[in-house]
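Asker: What follows is a structure written as structure tokens; I'll ask about it next.
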Amino acid sequence: MTRRLSVAERLAAAERDLLLTDIAAQSSWDQFLVEQAVLAFGRRGPFSCNDIRTVLPEMGHGYLGAAINALRSGGIIEHTGQSVPSTSPATHGHRLAVWQLSARGLAVAAERTARAQGRAA
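According to my numbering, the residues represented by the sequence shown are 201 to 321, in order.
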């Protein structure tokens, strides 16, 4: 027998679904920008969303976190086991994961660099 959701739980689920719809509606350009920033910072070593936010334009609420989770799920980045406090005033200093490129992410970064250098030549 399934438990019935309270009014508060139903409202929270509806709000979550609206947020997910907004995130999914972001442009492919936003996705490209996040990927490029992650690959650029990842080539230099571990990074957090604090680093990424410094080079990105303002994005929809929750978009950067969702994009980072998608890159993690896709095997492009992996958690280092470390965390740092957020520098965004809106987050009140909550902890952010520190990430690094996985072997697959390093391969993608190397391929994109080689491709870009080939075009520049």
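Note that CB positions come from ideal geometry on N, CA and C, so glycine has one too.
Because the structure is a prediction, the values reported are computed rather than measured.
Around the C-beta of E209, are 16 or more other C-beta atoms found within 10 angstroms, so that it is buried, or is it exposed?
Answerer: By one-based count along the sequence shown, residue 209 stands at place 9. Burial call: exposed.
Asker: Near D251, what residues of its chain come up, given a Cβ to Cβ distance below 6 Å and the 5 sequence neighbours on each side ignored?
Answerer: Counting from 1 along the sequence shown, the entry for residue 251 is found at position 51. Residues F241 of the same chain have their beta carbon placed closer than 6 Å to that of D251, with the five preceding and five following residues left out of the count.
Asker: Just curious, the alpha helix (DSSP H) that L264 is in, first and last residue?
Answerer: Residue mapping note: residue 264 aligns to position 64 of the sequence shown, counting from 1. 263–273 is the extent of the alpha helix (DSSP H) around L264.
Asker: Going by beta carbon distance, what residues of the same chain come within less than 6 Å of R243, once the five residues before and after it are set aside?
Answerer: Translated into the one-based positions of the sequence shown, residue 243 becomes position 43. Cβ within range, chain order: A309.
Asker: Measuring straight from C-alpha to C-alpha, what distance separates H322 and M259?
Answerer: Outside the shown range of the chain, which is 201 to 321, sits residue 322, and nothing can be said about it.
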